[in-house]
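Following: one structure in structure tokens, then a few remarks.
Residue numbers (the numbering used here): 23 to 225.
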């Protein structure tokens, strides 16, 4: 299968790309930093601003048919209760968490729907289940992203394609554990485990 990873230069993106390649899939890694993209195991790499619909459309024209999209663009800003939920932080999060998802799914959904086993997956947060004031911007936009993906699933309901949300409390890498042996990281998900779960969505 030919699978696009948006936000491929994150620790999870790199691990997921590696798992998918090991399984024999072609990986198209997307990011905004060419140097960091070189560290991603991929069949093809593209520097693209996913907040720009025209740029995503141009990329899709060049790529042609694909079978899957793993959307890992994101980040976190928050804290400080409701008073700390600034407009700047909201705009920053909205562009990454929601706008990039809207642009990529609107552009790639049709091609994924044509695949015999198309998949679109995102990683969301368990914080949606119990929102806090200091996380309000973040969880509101993650909830919006999940709702958007559900609407994408409705669009693809008569195709073989499926959508999937994986919720985590937070992610941790082996390097982070080694750097902070005093920390237990309770409830955190190792990027290797989440990457394996994402890879298994594609058989």
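Positions of the beta carbon are idealized from the N, C-alpha and C atoms, including for glycine.
State the Cα-Cα distance for the pair residue i and residue j, rounded to the nearest angstrom.
i           : j           : result
residue 92  : residue 203 : 31 Å
residue 218 : residue 132 : 26 Å
residue 74  : residue 193 : 27 Å
residue 169 : residue 112 : 18 Å
residue 167 : residue 122 : 10 Å
residue 205 : residue 25  : 35 Å
residue 164 : residue 46  : 31 Å
residue 78  : residue 173 : 20 Å
residue 80  : residue 71  : 11 Å
residue 10  : residue 125 : Because residue 10 is not part of the residues shown, which for the chain are 23 to 225, the question remains open.
residue 179 : residue 60  : 36 Å
residue 144 : residue 185 : 8 Å
residue 114 : residue 106 : 14 Å
residue 211 : residue 102 : 25 Å
residue 108 : residue 76  : 29 Å
residue 201 : residue 99  : 23 Å
residue 175 : residue 197 : 36 Å
residue 69  : residue 154 : 35 Å
residue 149 : residue 177 : 27 Å
residue 152 : residue 44  : 36 Å
residue 116 : residue 110 : 10 Å
residue 35  : residue 216 : 10 Å
residue 119 : residue 225 : 26 Å
residue 171 : residue 162 : 14 Å
Return the residue from the list the options that minimises the CA-CA distance to residue i.
i           : options            : result
residue 183 : 216, 52, 138       : 138
residue 54  : 95, 146, 82        : 95
residue 33  : 58, 43, 23         : 58
residue 48  : 56, 60, 67, 31     : 67
residue 23  : 140, 120, 127      : 140
residue 38  : 195, 209, 201, 207 : 195
residue 231 : 191, 51, 160, 27   : Absent from the structure is residue 231, since the part of the chain shown begins at 23 and ends at 225.
residue 97  : 31, 155, 214       : 31
residue 208 : 162, 199, 216      : 199
residue 82  : 191, 50, 101, 100  : 50
residue 187 : 36, 100, 223, 88   : 223
residue 88  : 191, 27, 171       : 27
residue 181 : 171, 162, 191, 136 : 136
Since residue i sits in a beta bridge, which residues does DSSP pair it with?
i           : result
residue 188 : 145
residue 211 : 193
residue 28  : 52, 93
What distance in whole Å lies between the Cβ atoms of residue j and residue i, which are believed to be in contact at a cut-off of 8 Å?
i           : j           : result
residue 90  : residue 134 : 6 Å
residue 189 : residue 147 : 6 Å
residue 29  : residue 63  : The pair is not a contact, with the Cβ atoms about 15 Å apart (cut-off 8 Å).
residue 129 : residue 142 : No, residue 129 and residue 142 are not in contact; Cβ-Cβ is about 12 Å, not under 8 Å.
residue 221 : residue 42  : 5 Å
For residue i, decide whether its Cβ has a neighbour in chain C, counting only Cβ atoms nearer than 8 Å.
i          : result
residue 31 : Of the protein chains in this structure there is only one, and it is not chain C.
Within the region 49–94, note down every full alpha helix (DSSP H) run reaching 4 residues or more, in order along the chain. With a minimum length of 4 residues, the continuous alpha helix (DSSP H) runs that stay inside the region 49–94 are 56–59, 75–85.
What residue ranges within the region 96–184 form continuous alpha helix (DSSP H) runs of no fewer than 4 residues, ordered along the chain? Listed in chain order, the alpha helix (DSSP H) elements of length 4 or more contained wholly in the region 96–184 are 109–115, 122–136, 158–177.
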